[in-house]
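Chains as they are written, first to last, in the working numbering: chain Y, 18 to 132; chain F, 36 to 149.
In this text, a Cβ means the ideal position worked out from N, Cα and C, and glycines have one as well.
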Amino acid sequence: DTGVSQNPRHKITKRGQNVTFRCDPISEHNRLYWYRQTLGQGPEFLTYFQNEAQLEKSRLLSDRFSAERPKGSFSTLEIQRTEQGDSAMYLCASSLGGAGNEKLFFGSGTQLSVL
Amino acid sequence: AQSVTQLGSHVSVSEGALVLLRCNYSSSVPPYLFWYVQYPNQGLQLLLKYTTGATLVKGINGFEAEFKKSETSFHLTKPSAHMSDAAEYFCAVSDSGTASKLTFGTGTRLQVTL
């Protein structure tokens with residue numbers, strides 16, 4: 018497999034601007050996850066998709082955050098009106114889902130810096 | 036709610052010495068337990084997992100972990116550390132219902148010295 022791909026690798030933006038990140042999962046994987054990781058912390062779950070359906074959203078995901086996975090392939094995560102507290106590494110992961118397929122494959126992440 | 040506690044944010048061992056990274060979990064349902072490793076500028080990689088069955092699980096790169104229900108622990112060990120093991124290690128827990136939604140610990144940075 019070619020792995021999980023995330024773009025861009027780095028994003029610097031000014032407070033109040035909107036940003037969008039893209040994740041391309043491993044092609045046969047039907048589950049896609051977004052996590053957020055801040056310095057010195059472990060990744061925190063944000064949301065996940067089974068195919069194109071968004072099945073769960075964390076309370077961490079405020080109304081300014083929206084994620085989509087049209088056609089069950091790539092996914093986008095948009096943050097509107099960014100705040101300095103949004104600065105973090107945004108991680109995408111994918112998996113086959115189902116019993117015996119609990120392993121998540123992570124991308125290298127998008128590092129967001131909000132100035 | 037589930038949670039994971041990793042004791043020791045930094046662990047330093049000599050090359051060839053035993054590696055022991057501690058993880059305790061809290062879960063109201065039978066847990067699935069994982070160790071992931073993160074090398075600099077790389078994505079997290081699965082080292083090993085426990086779902087059901089044998090409580091001693093072996094993973095990649097010579098690592099293993101033992102699920103101890105009575106101690107709510109899932110410590111990671113390796114008999115002999117190698118310089119290439121230097122990385123950040125994360126313990127994670129999920130429940131069997133949503134097996135891939137993980138709750139991670141805060142991580143332990145492993146340093147290996149000559």
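Closer than 7 Å by C-beta to Asn68/Y: which residues in its own chain qualify, once you throw out the five before and the five after it? Chain order, please. For the purposes of this step, residue 68/Y is identified with residue 51 of the first sequence, where counting begins at 1. Correct list, in chain order: Asn47 and Gly89.
7 Å Cβ cutoff met for Leu68/F and Phe109/F: As a first step, residue 68/F is located in the second sequence; it is residue number 33 there, counting from the start. As a first step, residue 109/F is located in the second sequence; it is residue number 74 there, counting from the start. The Cβ atoms of Leu68/F and Phe109/F lie closer than 7 Å to each other.
Skipping 5 residues on each side, what residues in its chain have a beta carbon closer than 8 Å to that of Cys79/F? Along the second sequence, one-based indexing puts residue 79/F at 44. Sequence check: residue 79/F is Leu here, not Cys. Around Leu79/F, the same chain offers Tyr71, Val72, Gln73 and Phe125 as residues with beta carbons nearer than 8 Å, after the five sequence neighbours per side are excluded.
Of the residues Thr19/Y, Arg53/Y, Leu49/Y and Asn35/Y, the one placed nearest Gln128/Y, counting alpha carbons only: Within the first sequence, the letter at position 111 stands for residue 128/Y. Nearest C-alpha to Gln128/Y: Arg53/Y.
Starting from Gln54/Y, trace the beta strand (DSSP E) in both directions and tell me its first and last residue. Translated into positions along the first sequence, residue 54/Y becomes position 37. For Gln54/Y, the enclosing beta strand (DSSP E) stretches over residues Arg48 to Gln54.
Using the rule of at least 16 other Cβ atoms within 10 Å of the residue's Cβ for burial, across every protein chain shown, is Val21/Y buried or exposed? As a position in the first sequence, residue 21/Y is number 4, starting the count at 1. Of the other Cβ atoms in all chains shown, 16 or more fall within 10 Å of the Cβ of Val21/Y; this residue is therefore buried.
Report the neighbours of Tyr107/Y on chain F: residues whose CB is nearer than 8 Å to its CB, in chain order. As a first step, residue 107/Y is located in the first sequence; it is residue number 90 there, counting from the start. Those within 8 Å of Tyr107/Y in chain F number zero; the least Cβ separation is about 12 Å.
Contacting residues, own chain, Cβ-Cβ under 6 Å from Ala36/F (five flanking each side not counted): Reading the second sequence from its first residue, position 1 is the one you call residue 36/F. Taking C-beta separations shorter than 6 Å and ignoring five residues to either side along the sequence, Ala36/F has no partners in its chain.
By how many angstroms is the C-alpha of Ser111/Y removed from the C-alpha of Phe66/Y? The residue labelled residue 66/Y in the question sits at position 49 within the first sequence. The residue labelled residue 111/Y in the question sits at position 94 within the first sequence. The straight-line gap separating the alpha-carbon atoms of Phe66/Y and Ser111/Y is approximately 9 Å.
Tell me whether Lys84/F is buried or exposed, calling it buried when 16 or more other Cβ atoms sit within 10 Å of its Cβ. As a first step, residue 84/F must be located in the second sequence, where it is residue number 49. Classification for Lys84/F: buried.
Hey, is Gln58/Y's beta-carbon within less than 7 Å of any beta-carbon in chain F? For the purposes of this step, residue 58/Y is taken as the residue at position 41 of the first sequence. Taking 7 Å as the CB threshold, Gln58/Y lines the interface with chain F.
Alpha carbon to alpha carbon, how far is Met106/Y from Pro60/Y? Give it in angstroms, no decimals. Here residue 60/Y is taken as the residue at index 43 of the first sequence, counted from 1. Here residue 106/Y is taken as the residue at index 89 of the first sequence, counted from 1. Taking the straight line joining both Cα atoms gives about 9 Å.
DSSP beta-bridge partners of Glu85/Y: One-based indexing of the first sequence puts residue 85/Y at position 68. Paired residue(s): Thr93/Y.
Examine chain F for any beta-carbon lying closer than 7 Å to the beta-carbon of Phe82/Y, and answer yes or no. As a working note, residue 82/Y is residue 65 in the first sequence. With 7 Å as the cut-off, Phe82/Y does not count as an interface residue toward chain F.
With contact counted as at least three CB pairs below 8 Å, one residue from each stretch, are the region 20 to 34 of chain Y and the region 90 to 106 of chain F in contact? Contact fails: fewer than three Cβ-Cβ distances are below 8 Å.
If you measure beta-carbon to beta-carbon, which residues of the region 36 to 60 of chain F are closer than 7 Å to chain Y? Listed by position, the residues of the region 36 to 60 of chain F near chain Y (Cβ gap below 7 Å) amount to none.
Beta carbon proximity, Thr141/F to chain Y, threshold 7 Å: If you number the second sequence from 1, residue 141/F lands on position 106. Yes, because at least one Cβ of chain Y sits closer than 7 Å to the Cβ of Thr141/F.
In whole angstroms, give me the CA-to-CA distance for Val92/F and Pro87/Y. To locate residue 92/F, count along the second sequence from 1; it is residue 57. To locate residue 87/Y, count along the first sequence from 1; it is residue 70. Taken atom to atom, the span from the alpha-carbon of Val92/F to that of Pro87/Y is near 38 Å.
Rounding to the nearest angstrom, what Cα-Cα distance links Glu85/Y and Gln71/Y in this structure? Stepping through the first sequence from its first residue, residue 85/Y is reached at position 68. Stepping through the first sequence from its first residue, residue 71/Y is reached at position 54. Glu85/Y and Gln71/Y have their C-alpha atoms roughly 8 Å apart.
Please classify Leu55/F as buried or exposed, where buried requires at least 16 neighbouring CB atoms within 10 angstroms. The residue labelled residue 55/F in the question sits at position 20 within the second sequence. Only exposed fits Leu55/F, as fewer than 16 other CB atoms lie within 10 angstroms of its CB.
Note down, in chain order, every chain Y residue with its Cβ under 8 Å from the Cβ of Gln77/F. Here the question's residue 77/F lines up with position 42 in the second sequence. Scanning chain Y for C-beta atoms nearer than 8 Å to the C-beta of Gln77/F yields Ser125, reported in chain order.
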